[in-house]
Amino acid sequence: MKNPAIRKLGLDVIKEAPWGTHLCFFYDSINDYLDIIKPYIKAGLENNEFCVWIISKDLEKEKAFEILQTAIPTLDCYQRKKQIEILSHSEYYLNNGRFDGEAVITNWENKLDNARSAGFDGLRVEGDISWVGTNRWKLFKDYEFELGNVIFNNKILAICSYPLKKIGAREIIDVIENHHFALIRRNEKWIYAKSFVDMMDKLLDIQNHIKGENIELIKQGIVQNTLFNVSSHEIKTPLSSIKGYTQMLIKEQFGTINEQQKEVLEILKRNTDYLNHLINNYLNLVQLQTGTMKFIVEKIPIKSLIKDTMDIMSPLADSKKVKIDVRLADGLPPLSIDVDKINQVLINIIGNAIKFSPEGASININVKKKNEYILFEIQDFGLGIPKNEHEKIFGMFFQSESIRDKNIKGSGLGLPISKAIVEAHGGQIWVDSKIGKGSKFSFTLPIKSVKARKINLIKGLLE
Ligand code: ADP
């Protein structure tokens, strides 16, 4: 099954990348610059993405259009469809000659919202940095760091281009730090300027942050939220690179691999997904704790919602030979929800169902209408939960007595966070379960869009 989150970049050096990838490249000549831009924008237009190209200081808008048209003869059709914008740096980045990073980021968010409302899959961006200069460097560097978070958490692909003539070695290091991949042209070919090994090292460092002791620290209130906000970016950036590269290795884009290598890479990919899921739970925890959880409500057909989740969960289920049977009732209406958050709820519940099922078991997912709500039911035939724990499992950091000595990984965060998210959407969540027979987790979401409440439930959950 083709994963819609993996997008074609159109580049020979890196063919595909997941949404949320933030790349950069360094160029010597305008030809090198266009060598990346033309196929990159072309792939975006052909794949139903809204494309924004903020051109180099050395190009005029009309000229840029003409050049692009040589690679994309149907460019004017895309322009009529309002699928592409070509802008000068002063139009986009500056306001009366002043650069305000926060305002520019808000602008990107608005562009993404508009693109999604107009039916495009997401936003593809190219921004040239020839205008920045040393006086604005620090401001711009901070902006790029923040932007990295926005890109990572959204359906955005971005490439920033840096003319080598205008930046020095120190700036190059800053740039490499703030992007997932950096490309540079050598001997007529684009190559990676940032090594995989580099990122692996960084990941290992960061993994130490999220070892078990963090849970205790949060409980004691010692870990400050700033640490999480900083480390989330620090963790997620290399993680998405590792995931992207691993997928490319599995797909043999760097050459043929044998079965054993493939197996190892599949394990690496599953672990990366697990880490990513863990980090999302931690981030949600911090946002709940600080009352800063934001809900971005969008309309989504239930089928797409479930498909997005299944794309992530299927490899985990396959690795345990667990069969997931999904049944959606006919005529289900679309839901207006924060898609990422509800996805996280589904991942938490389905992930548990897989985790607590024996090899080769089945899981049934049923989605149907119930009065003014949509009811999601996730039934497994695994370990089950004793009756006296049915309430407790929705409390923070809870793990059942019955699994403590079974060496099953867990943080006790998935269910309380899921409960907070579902309730903020105006729904409810509960469990029916018998020890040894399995568990059925159910939750509802209102069909009519409700404005998600601002929530700050952690205090209550911890008590
Ligand atoms: P985690 O699974 O990371 O420990 P959760 O909050 O998701 O944290 O779950 C809390 C506890 O609830 C689990 O440790 C487990 O004891 C129990 N639990 C959750 N889902 C299931 C399930 N499908 N079957 C059996 N036990 C479950």
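Position in the sequence shown (first residue = 1) + 233 = the working numbering.
All C-beta atoms, glycine included, are put in the ideal place defined by N, C-alpha and C.
Task: Straight-line Cα distance separating K620 from G253 - done: As a first step, residue 253 is located in the sequence shown; it is residue number 20 there, counting from the start. As a first step, residue 620 is located in the sequence shown; it is residue number 387 there, counting from the start. Answer to the nearest angstrom: the Cα atoms are 42 angstroms apart.
Open item on the list: Contact defined as beta carbons within less than 8 angstroms: I believe I338 pairs with L380. What is the distance between those atoms, to the nearest angstrom?
Closed with: Start at 1 with the first residue of the sequence shown, and residue 338 comes out as number 105. Start at 1 with the first residue of the sequence shown, and residue 380 comes out as number 147. Their Cβ separation, rounded to whole angstroms, is 6 angstroms, which keeps I338 and L380 in contact under 8 angstroms.
Open item on the list: What would DSSP say about V655, mapped onto helix, strand or coil?
Closed with: Here the question's residue 655 lines up with position 422 in the sequence shown. It is helical.
- [ ] Inspect the CB distances between the segment 356–373 and the segment 276–293 and report whether three or more fall short of 8 angstroms.
- [x] Cβ pair count under 8 angstroms is three or more, so yes.
- [ ] Consider the C-beta atom of N597 and the heavy atoms of the ligand ADP; say whether any pair is separated by less than 7 angstroms.
- [x] Here residue 597 corresponds to residue number 364 of the sequence shown, with the count starting at 1. False, no ligand heavy atom lies under 7 angstroms from that Cβ.
Task: D489, buried or exposed, once every other Cβ within 10 Å from all chains shown has been counted against 16 - done: The sequence position of residue 489 within the sequence shown is 256, counting from 1. Looking at the sequence provided, one finds Thr at residue 489 rather than Asp. When all chains shown are included, T489 counts as exposed.
Task: Cβ pair D551, S595 closer than 8 angstroms - done: Walking along the sequence shown from the start, residue 551 turns up at place 318. Walking along the sequence shown from the start, residue 595 turns up at place 362. Not closer than 8 angstroms, so no.
Open item on the list: I need the boundaries of the beta strand (DSSP E) containing I583, first residue and last residue.
Closed with: As a first step, residue 583 is located in the sequence shown; it is residue number 350 there, counting from the start. Taken as a continuous stretch (DSSP letters only), I583 belongs to no beta strand (DSSP E), being part of the alpha helix (DSSP H) at V572 to K588.
TODO: Specify the secondary structure class of Q612 as computed by DSSP and reduced to three states.
DONE: Walking along the sequence shown from the start, residue 612 turns up at place 379. In the three-state reduction of the DSSP assignment, Q612 falls in the strand class, which pools E and B.
- [ ] Give the secondary structure of W423 by DSSP, where H, G and I count as helix, E and B as strand, and everything else as coil.
- [x] Mapped onto the sequence shown, residue 423 falls at position 190. In the structure shown, W423 sits in a strand (DSSP, three-state: E or B).
Open item on the list: Under 8 angstroms, with one C-beta from each stretch per pair, do the segment 561–570 and the segment 524–541 reach the 3-pair mark?
Closed with: yes
- [ ] Closer than 7 angstroms by C-beta to N281: which residues in its own chain qualify, once you throw out the five before and the five after it? Chain order, please.
- [x] Here residue 281 corresponds to residue number 48 of the sequence shown, with the count starting at 1. Counting only Cβ-Cβ distances below 7 angstroms, and skipping sequence neighbours, we find F353 and D354.
Task: Nearest-angstrom beta carbon gap, I317 and Y311 [assumed within contact, 8 angstroms] - done: Residue numbering aside, residue 311 sits at position 78 when the sequence shown is read from its first letter. Residue numbering aside, residue 317 sits at position 84 when the sequence shown is read from its first letter. Their Cβ separation, rounded to whole angstroms, is 5 angstroms, which keeps Y311 and I317 in contact under 8 angstroms.
- [ ] Starting from the Cα of P471, find the closest Cα among R503, E485 and F414 and give me that residue.
- [x] If you number the sequence shown from 1, residue 471 lands on position 238. Out of R503, E485 and F414, F414 has the C-alpha closest to the C-alpha of P471.
Open item on the list: Bridge partners for S289 per DSSP, in chain order?
Closed with: Numbered from its first residue, the sequence shown carries residue 289 at position 56. Answer is none; S289 lacks a bridge partner.
Open item on the list: Quick check on the burial criterion: 16 or more other C-beta atoms within 10 angstroms. Buried or exposed for D563?
Closed with: Taking the sequence shown and counting its residues from 1, the one referred to as residue 563 is at position 330. D563 comes out exposed.
Open item on the list: Using the three-state DSSP reduction, which class does N368 fall into: helix, strand or coil?
Closed with: What you label residue 368 is simply residue 135 of the sequence shown in a count that begins at 1. Looking at N368 - three-state DSSP - the assignment turns out to be helix.
Open item on the list: Quick check: the Cα distance between L327 and K388, rounded to an integer number of angstroms?
Closed with: Numbered from its first residue, the sequence shown carries residue 327 at position 94. Numbered from its first residue, the sequence shown carries residue 388 at position 155. Their Cα atoms are separated by approximately 24 angstroms.
Open item on the list: Let me check understanding here. Comparing Cα to Cα, which of D346, D291, A653 and P306 lies closest to P272?
Closed with: The count along the sequence shown starts at 1 and reaches residue 272 at position 39. P272 has its Cα closest to that of P306, out of D346, D291, A653 and P306.
Task: Buried versus exposed, by CB contacts within 10 Å (16 or more), V555 - done: Within the sequence shown, the letter at position 322 stands for residue 555. By the neighbour-count rule (16 or more Cβ atoms within 10 Å), V555 is buried.
TODO: Please report how far the alpha carbon of I662 lies from the alpha carbon of F373, in whole angstroms.
DONE: Along the sequence shown, read from residue 1 onward, the residue named residue 662 stands at position 429. Along the sequence shown, read from residue 1 onward, the residue named residue 373 stands at position 140. If you take the alpha carbons of I662 and F373, they lie about 44 angstroms apart.
Task: 4 or more residues per run - each alpha helix (DSSP H) lying fully within the segment 466–548 - done: 492–523
Open item on the list: For Q302, which residues in the same chain have their Cβ closer than 8 angstroms to its Cβ, ignoring the five residues on either side in sequence?
Closed with: Locating residue 302 in the sequence shown gives position 69, where the first residue counts as 1. Cβ within range, chain order: L308 and D309.
Task: Meets three-Cβ-pair contact criterion under 8 angstroms: the segment 499–507 and the segment 537–544 - done: no
Open item on the list: Assess contact between the segment 666–680 and the segment 601–612, defined as three or more Cβ pairs (one per stretch) separated by less than 8 angstroms. Is contact present?
Closed with: Yes: at least three Cβ pairs fall under 8 angstroms.
Open item on the list: Less than 8 angstroms between C-beta atoms, sequence neighbours within five positions excluded: which residues of the same chain meet that for K248?
Closed with: For the purposes of this step, residue 248 is taken as residue 15 along the sequence shown, with counting starting at 1. Only K241, L242, M481 and Q486 meet the Cβ criterion.
- [ ] Under 6 angstroms Cβ to Cβ from S666, same chain only, skipping five residues before and after it: list those, please.
- [x] Along the sequence shown, one-based indexing puts residue 666 at 433. Once the five neighbours on either side are set aside, the close Cβ partners of S666 are G617, I618 and S672.
Open item on the list: Per DSSP, what are the beta-bridge partners of Y606 in this structure?
Closed with: Along the sequence shown, one-based indexing puts residue 606 at 373. For Y606, the beta-bridge partners assigned by DSSP are K603 and P679.
Open item on the list: My output table needs one value for P272: the three-state DSSP class, helix, strand or coil.
Closed with: Translated into positions along the sequence shown, residue 272 becomes position 39. Helix.
Task: Separation of G330 from I439, as counted between CA atoms - done: As a working mapping, residue 439 is identified with position 206 in the sequence shown. As a working mapping, residue 330 is identified with position 97 in the sequence shown. Bear in mind that a pLDDT of 43 at I439, under 50, signals an unreliable position, so the number given afterwards is only what the model happens to contain. Going from the Cα of I439 to the Cα of G330 covers about 39 angstroms.
- [ ] Would you list the residues sitting across from I662 in a DSSP beta bridge?
- [x] The residue you call residue 662 lines up with position 429 of the sequence shown. Checking the DSSP bridge columns, you'll see I662 partnered with F676.
- [ ] Tell whether a beta-carbon distance below 8 angstroms holds between L416 and L256.
- [x] For the purposes of this step, residue 416 is taken as the residue at position 183 of the sequence shown. For the purposes of this step, residue 256 is taken as the residue at position 23 of the sequence shown. Yes, Cβ-Cβ distance for L416 and L256 is below 8 angstroms.
Task: Cut-off 8 angstroms between Cβ atoms - residues of its own chain near K625, not counting five sequence neighbours on either side - done: As a first step, residue 625 is located in the sequence shown; it is residue number 392 there, counting from the start. So the list reads F631, once near-sequence residues are dropped.
TODO: Give me the Cα-Cα distance between V408 and V519, rounded to the nearest whole angstrom.
DONE: Here residue 408 refers to the residue found at position 175 of the sequence shown. Here residue 519 refers to the residue found at position 286 of the sequence shown. Approximately 28 angstroms between the Cα atoms of the pair.
Task: Member of E293, A657 and N386 whose CA lies at the smallest distance from the CA of I512 - done: Working through the sequence shown from its first residue, we reach residue 512 at position 279. In this structure, N386 is the residue among E293, A657 and N386 with its C-alpha nearest to the C-alpha of I512.
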